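Enquirer:
Number of protein chains: 2
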Amino acid sequence: MTTPRRAPGGFPVVGIVGGGQLARMCAGPAAELGVTLSVLAEAPDASAALVVPSAPVGHHTDTDAVLRFASACDVVTFDHEHVPPEVLERLVASGVAVHPAPEALRFAQDKLAMRERLGGLGVPCPRWARADTLADVEAFGREVGWPLVAKTPRGGYDGRGVRVVSAATELAEWLERAATTGTGLLLEERVDFRRELAVLLARSPSGQAAAWPVVETVQTDGICTEVLAPAPGLDPDLSARAVEAGLRVAGELGVTGVLAVELFEVEDAGGAPGFVVNELAMRPHNSGHWSMDGAVTGQFEQHLRAVLDLPLGSPRPHAPWTVMANVLGGDYPQLYPAYRHVMARDPEVKVHLYGKDVRPGRKIGHVNVSGGDLADLRERAVHAADYLTGVVTQ
Amino acid sequence: MTTPRRAPGGFPVVGIVGGGQLARMCAGPAAELGVTLSVLAEAPDASAALVVPSAPVGHHTDTDAVLRFASACDVVTFDHEHVPPEVLERLVASGVAVHPAPEALRFAQDKLAMRERLGGLGVPCPRWARADTLADVEAFGREVGWPLVAKTPRGGYDGRGVRVVSAATELAEWLERAATTGTGLLLEERVDFRRELAVLLARSPSGQAAAWPVVETVQTDGICTEVLAPAPGLDPDLSARAVEAGLRVAGELGVTGVLAVELFEVEDAGGAPGFVVNELAMRPHNSGHWSMDGAVTGQFEQHLRAVLDLPLGSPRPHAPWTVMANVLGGDYPQLYPAYRHVMARDPEVKVHLYGKDVRPGRKIGHVNVSGGDLADLRERAVHAADYLTGVVTQ
Numbered sequence: 001m002t003t004p005r006r007a008p009g010g011f012p013v014v015g016i017v018g019g020g021q022l023a024r025m026c027a028g029p030a031a032e033l034g035v036t037l038s039v040l041a042e043a044p045d046a047s048a049a050l051v052v053p054s055a056p057v058g059h060h061t062d063t064d065a066v067l068r069f070a071s072a073c074d075v076v077t078f079d080h081e082h083v084p085p086e087v088l089e090r091l092v093a094s095g096v097a098v099h100p101a102p103e104a105l106r107f108a109q110d111k112l113a114m115r116e117r118l119g120g121l122g123v124p125c126p127r128w129a130r131a132d133t134l135a136d137v138e139a140f141g142r143e144v145g146w147p148l149v150a151k152t153p154r155g156g157y158d159g160r161g162v163r164v165v166s167a168a169t170e171l172a173e174w175l176e177r178a179a180t181t182g183t184g185l186l187l188e189e190r191v192d193f194r195r196e197l198a199v200l201l202a203r204s205p206s207g208q209a210a211a212w213p214v215v216e217t218v219q220t221d222g223i224c225t226e227v228l229a230p231a232p233g234l235d236p237d238l239s240a241r242a243v244e245a246g247l248r249v250a251g252e253l254g255v256t257g258v259l260a261v262e263l264f265e266v267e268d269a270g271g272a273p274g275f276v277v278n279e280l281a282m283r284p285h286n287s288g289h290w291s292m293d294g295a296v297t298g299q300f301e302q303h304l305r306a307v308l309d310l311p312l313g314s315p316r317p318h319a320p321w322t323v324m325a326n327v328l329g330g331d332y333p334q335l336y337p338a339y340r341h342v343m344a345r346d347p348e349v350k351v352h353l354y355g356k357d358v359r360p361g362r363k364i365g366h367v368n369v370s371g372g373d374l375a376d377l378r379e380r381a382v383h384a385a386d387y388l389t390g391v392v393t394q
Numbered sequence: 001m002t003t004p005r006r007a008p009g010g011f012p013v014v015g016i017v018g019g020g021q022l023a024r025m026c027a028g029p030a031a032e033l034g035v036t037l038s039v040l041a042e043a044p045d046a047s048a049a050l051v052v053p054s055a056p057v058g059h060h061t062d063t064d065a066v067l068r069f070a071s072a073c074d075v076v077t078f079d080h081e082h083v084p085p086e087v088l089e090r091l092v093a094s095g096v097a098v099h100p101a102p103e104a105l106r107f108a109q110d111k112l113a114m115r116e117r118l119g120g121l122g123v124p125c126p127r128w129a130r131a132d133t134l135a136d137v138e139a140f141g142r143e144v145g146w147p148l149v150a151k152t153p154r155g156g157y158d159g160r161g162v163r164v165v166s167a168a169t170e171l172a173e174w175l176e177r178a179a180t181t182g183t184g185l186l187l188e189e190r191v192d193f194r195r196e197l198a199v200l201l202a203r204s205p206s207g208q209a210a211a212w213p214v215v216e217t218v219q220t221d222g223i224c225t226e227v228l229a230p231a232p233g234l235d236p237d238l239s240a241r242a243v244e245a246g247l248r249v250a251g252e253l254g255v256t257g258v259l260a261v262e263l264f265e266v267e268d269a270g271g272a273p274g275f276v277v278n279e280l281a282m283r284p285h286n287s288g289h290w291s292m293d294g295a296v297t298g299q300f301e302q303h304l305r306a307v308l309d310l311p312l313g314s315p316r317p318h319a320p321w322t323v324m325a326n327v328l329g330g331d332y333p334q335l336y337p338a339y340r341h342v343m344a345r346d347p348e349v350k351v352h353l354y355g356k357d358v359r360p361g362r363k364i365g366h367v368n369v370s371g372g373d374l375a376d377l378r379e380r381a382v383h384a385a386d387y388l389t390g391v392v393t394q
C-alpha cells in the first residue's frame, strides 16, 4: 500500500522524506501515539519501508515524487538534510506544513550559512572562513595555524566531507569541485578539545521546547561510537550555558522538531570550561538514541509530537546513566546468532537493529543500557555492540 | 503488501493471528528487535493492520487462510484465544511452529479444562462444577450457596460470557445453548475477595521464564479499568507464592509466550492472605500494559522474544510505581482534541491509542504514568483516561 490509511478520530498523517533508520525508529512511537506514518523511501527494502505500511518509493530530489507523497500527509518532516532547497520551496508553496521549515533547515544543510548565522547570534564557534582559492586557504592557515579543518558546506555526514589538512595544496581537488558548484569550502581552526558533547532538544511550531540532559559523544574515526547520558562530570554552569545556547539557536532559527547541537568542550586561557559549536542537525540524531530507553520521552516520539505541534513530553531520564553504543557492520552478514548471544549474556541490554544489510563500518543498529554504574554500563554496551559487529567473539 | 518482506541477516518473521491492539502493540518492539511482523487481520483497517506492512486479511476460523498466512512465517502466535483447536492442529501438522502450542492453549480456550488441570496441579481455585442441566446448577447452588458465577467455557472476554445468578432458572437459556454444543457451563462459587491481582510472566520453548512483579487490577463492570504495578501493600509471601504458582502453571502446561494468571486475593479462615486463580490468558494481557513504559522489557517485546525462543529480557521496573488506566470509548468520536489536552496537562503521561473507532465502552487505548507517589499517579492516569473518554471535561 502506498497511500497511508488514516486512523479514525481525527489523527493526522506524518510524512517522512527518506526511509533510513531515523524514519524507521519513528514507527514504534507513531503506532503508540495513534498517528499514521508514511515514508518516502529510497527502495522497497529501505530500513523504514520494512516496518511502515505506507512507504512509496521515490527520490528526495524528485520534486514530483516528493509533492505527490506530501499530498497525502498533514505534515512533512525528514530522515536526513539532503532534500534540495528548491524542492522544499515547492513543498511549502503547495501548502504543505514542512517541519523544520526550509528557512531553518538551510542552516543544517549549509555549514557556511550555519557559521555565519551562529556568529551573528554570538554563539561560540571555532574561528572559520570561506575559501574559494588556494590563497584563501593559505591566508586562513597563517591566521589560525596548521593543521586546519576543511569541510564541504553541503552533503557531508559521519565524517564524510571533512578533512584535516596540513597544507593548502591538499585541498586543490576540493577547491576545483567547489568552484564548479560555487559553494566554496568551509575552513575551521582545529579545536583543541577535551571531549565532544551534544545538546539535544525539541521545539514545536508554537514555540514550546524541551531539552534532554547534555550528553558526551565518543567518536572513533569520525563516527560516533558511544554516547554517555548525561555527560559525566560536566560542569553545571557549562551544561546550563550549552542548553541555553541550544534553545536560543532553536528559537532564533525557528527550528521545529528535534535539534542536535554538537559541541566541543574546551578550556579557556584560564583553564575554565567552555564550548564551541561543531555541527547542527535538525532531525532525530545519533546522540539521542539513548533516550529511546533511557528517558520518559524518547527523541523519535518527541520529534513526532513537535512536528505535529502537540504538547511535548517530559525528557526526564529514567536512570542515573544510560549508555548507547553503535553497532557497526562487520565482516559477517548473518547477525542473528550474535544477537541471541548478546541477549543471553545481558538481559538488560536493549538491542535496536535497523533491518539493514551488513557492510563493514555501516551503522546497522545500536544498543542501550541504563543503570547506576557508568563504568559497568559502558563495558556492557560496548561489549554488546562489538559482539554484534564481530570485533569480540566471547 | 500481503507477503512479509524479510529483513537481511537471518532475522525471522513472526506471524500473529488476529489484528487487534495486542498485535498492534507488538509492532514497535518488532521494529526495534529487527524481526519482521506479519498479521492475519480481520479487516484492512484492523488496529494492527494500520501499523504493520504485511497484514493479509483473513478470518481465524478459515483453515486455508490461516495456513496460507502461516506459510510465510517462521513462528505463529496469537492476538486472542479464539482460533479453533482443529485449525491449530492443522497448523502444527503442516510443520508451523505455533506458540503457545494447542495443547497449552486449550487451557486458556476452555475454562472447564483449565479448572480441571489447575485442580490437578494443586493450584488454589474457587470451588467449581460443570453443569449441563438445571439440576446440576441447583445441586451446586446448594453446595456453595447463592449467588454463584456461571461462565460459558469458551469465547468469553471482558466480562462477556460471565453471569452472577441467584437462581438456576436464570441459566435456562445458556444451558439450552450449551446442550446444542455439548460444552456445558462452568459454575463457580462467588469468591469473597479483597481485590484482584495478576501474575504476568513469559516462558520460552527452551523453558526460560521471567515474571514481572504481581500487579493489582481494578475492574469496573467486569472490565479492567486500572492496573497498579506492583500491587500496593502486597504480602511478600503471598507475592512469592503467586509467582511460583504462575511459573508452575506455565511449566506444567508448556505455555510459550506471555501468560497472565488473574487472581482473587482472599483471606483464609484465620485472616491470613491467600489467593485463588480466576482466569488464564496465554498472550500479552491488559494487566501487563504498564510494562511498556514501566519496565526494562515490556510484555510485547517479551512475547516476541519468548515465541522466537530468544533469551528473555529483564522484567525489572523502571520506577517504584507505574499506573495504567484504560481509555474506553465515550460518546465523542473525535479523540484528537482531548488527546492534545491530556498531553499538555501532563508531560509524563504516556498515551497509547489503538487506531480504533470510538464506540461507547470499547477499549480504544490506555495511558501509563510512572513515579514515586502512587496516589498522585492514580489521579493523573485516571484523569487522563477519563478525559480521553469524555467522562471529565477539565
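Order-wise, the sequence lines are chains E and B.
Note that full-length UniProt numbering numbers the first sequence so that position 140 is 140, with each residue one more than the last.
Note that full-length UniProt numbering numbers the second sequence so that position 67 is 67, with each residue one more than the last.
A virtual CB, placed ideally from N, CA and C, is assigned to each residue, including glycine.
Keep in mind that this is a model prediction, so the values were computed, not measured.
Using a Cβ-Cβ cut-off of less than 7 Å, give me the residues of the segment 326–337 of chain E that come near chain B, in sequence order.
Expert: For the segment 326–337 of chain E, the set of residues with a beta-carbon nearer than 7 Å to any beta-carbon of chain B comprises Pro333, Gln334, Leu335 and Tyr336, in chain order.
Enquirer: Terminal residues of the continuous beta strand (DSSP E) containing Gln219/E?
Expert: It spans Val215 to Thr220 - the beta strand (DSSP E) in which Gln219/E sits, taken as one unbroken run.
Enquirer: Excluding sequence positions up to five away, which residues of its chain have a Cβ less than 7 Å from the Cβ of Val165/B?
Expert: Pro147, Leu148, Ala150 and Leu171
Enquirer: Check the C-beta distance from Gly155/B over to His82/B and give it rounded, since I have them as a contact under 8 Å.
Expert: Their Cβ separation, rounded to whole angstroms, is 7 Å, which keeps Gly155/B and His82/B in contact under 8 Å.
Enquirer: Taking the C-alpha atoms as reference points, what is the distance between Leu112/E and Leu280/E?
Expert: Their backbone Cα atoms lie some 12 Å apart in a straight line.
Enquirer: If you follow the alpha helix (DSSP H) that Gly28/E is in, where does it begin and where does it stop?
Expert: Ala27 to Leu33
Enquirer: Scan the segment 9–42 of chain B for residues whose Cβ lies nearer than 9 Å to a Cβ of chain E and list them as they occur along the chain.
Expert: Gly9, Gly10, Phe11, Pro12, Arg24, Met25, Ala27, Gly28, Pro29, Ala30, Ala31, Glu32, Leu33, Gly34, Val35, Thr36 and Leu37
Enquirer: Hey, is Arg5/B's beta-carbon within less than 8 Å of any beta-carbon in chain E?
Expert: Closer than 8 Å: yes.
Enquirer: I'd like the list of long-range same chain contacts for Pro317/E, defined as Cβ closer than 6 Å, with 5 residues on each side in sequence excluded.
Expert: Gly294 and Ala295
Enquirer: Does the structure place the segment 19–36 of chain E close enough to the segment 300–308 of chain E that three or more beta carbon pairs sit under 8 Å?
Expert: With the cut-off at 8 Å, the segment 300–308 of chain E and the segment 19–36 of chain E touch.
Enquirer: Please report the distance separating the alpha-carbon of Pro311/B from that of Ala72/B.
Expert: 24 Å
Enquirer: Can you tell me where the alpha helix (DSSP H) with Ala36/B in it begins and where it stops?
Expert: Reading the sequence as shown, one finds Thr at residue 36/B and not Ala. Not the alpha helix (DSSP H): Thr36/B falls in the beta strand (DSSP E), residues Thr36 to Leu40.
Enquirer: Considering only C-alpha positions, which residue in the set Val367/E, Glu262/E and Thr3/E is nearest to Val215/E?
Expert: Glu262/E
Enquirer: Please report the straight-line C-alpha distance between Asp376/E and His383/E, rounded to a whole angstrom.
Expert: 11 Å
Enquirer: Listing by chain order, which chain B residues have their CB less than 7 Å from the CB of His318/E?
Expert: His318
Enquirer: Considering just the uninterrupted stretch of the alpha helix (DSSP H) at Met292/E, what are its terminal residues?
Expert: Ser291 to Gly294
Enquirer: Please state if the CB of Ala46/E and the CB of Gly15/E are separated by a distance shorter than 8 Å.
Expert: no
Enquirer: Please name the residue, chosen from Ala260/B, Ser54/B and Gly274/B, that lies closest to Pro124/B on a Cα-to-Cα basis.
Expert: Gly274/B
Enquirer: Helix or strand or just coil, what does DSSP make of Phe275/B?
Expert: Three-state DSSP puts Phe275/B in a strand.
Enquirer: Might you give, ordered along the chain, the residues of its own chain that have their beta carbon closer than 7 Å to the beta carbon of Val392/E, omitting 5 neighbours on each side?
Expert: His383 and Asp386
Enquirer: Could you pull the start and end residues of the beta strand (DSSP E) that Trp321/B belongs to?
Expert: Trp321 to Leu328
Enquirer: Secondary structure at Asp376/E, three-state DSSP: helix, strand or coil?
Expert: Under the three-state reduction of DSSP output, Asp376/E falls in the helix class.
Enquirer: Whose CA, out of Phe11/B, Pro12/B, Val17/B and Val13/B, lies closest to the CA of residue 395/B?
Expert: Any question about residue 395/B goes unanswered here, given that chain B covers just 1 to 394.
Enquirer: Are three or more beta carbon pairs between the segment 254–270 of chain B and the segment 339–356 of chain B nearer than 8 Å?
Expert: The way I'd put it, the segment 254–270 of chain B doesn't touch the segment 339–356 of chain B; fewer than three beta-carbon pairs between them come closer than 8 Å.
Enquirer: Excluding the five sequence neighbours on either side, which residues of its own chain have a C-beta within less than 6 Å of the C-beta of Asn286/E, listed in chain order?
Expert: Cys224
Enquirer: Could you tell me which residues DSSP pairs with Ala198/E in its beta bridges?
Expert: In the DSSP output, where bridge partners are listed per residue, Ala198/E has Val215/E and Glu262/E.
Enquirer: My assumption, with CB atoms under 8 Å, is that Val199/B sits in contact with Gly246/B. Please give the rounded CB distance.
Expert: Right, the Cβ-Cβ distance comes to about 4 Å (below 8 Å), so this counts as a contact.
Enquirer: Can you pull the chain B neighbours of Gly58/E, defined as C-beta to C-beta under 7 Å?
Expert: Contact of Gly58/E with chain B by beta-carbon distance below 7 Å is absent, the smallest such distance being about 17 Å.
Enquirer: Counting contacts by CB-CB distance shorter than 8 Å, is Asp376/B in contact with chain E?
Expert: no
Enquirer: Whole angstroms are fine: how far does the CA of Asn368/E sit from the CA of Glu379/E?
Expert: Rounded to whole angstroms, Glu379/E to Asn368/E spans 12 Å at the Cα level.
Enquirer: Which value, in whole angstroms, describes the spacing of the CA atoms of Glu252/E and Phe11/B?
Expert: Answer to the nearest angstrom: the Cα atoms are 45 Å apart.
Enquirer: Name the chain B residues that come within less than 8 Å of Ala139/E, Cβ to Cβ?
Expert: Result: empty, since nearest Cβ-Cβ is about 50 Å, beyond 8 Å.
Enquirer: Kindly examine the ligand FMN and report whether one of its heavy atoms sits closer than 7 Å to the Cβ of Thr77/B.
Expert: No copy of the ligand FMN appears in this structure; indeed no ligand is present at all.
Enquirer: So, with DSSP's three-state summary, where would you put Met1/B?
Expert: Any answer about Met1/B is weak, because its pLDDT of 48 lies below 50 and its placement is not dependable; what the coordinates show is given next. Note: Met1/B maps to coil in three-state DSSP.
Enquirer: Does any CB atom of chain E fall closer than 8 Å to the CB of His352/B?
Expert: Answer yes: the Cβ-Cβ gap between His352/B and chain E drops below 8 Å somewhere.
Enquirer: For residue 396/B, return the contacting residues in chain E, with the cut-off set at a CB-CB distance below 7 Å.
Expert: As displayed, chain B neither begins before 1 nor continues past 394, which places residue 396/B out of reach and without an answer.
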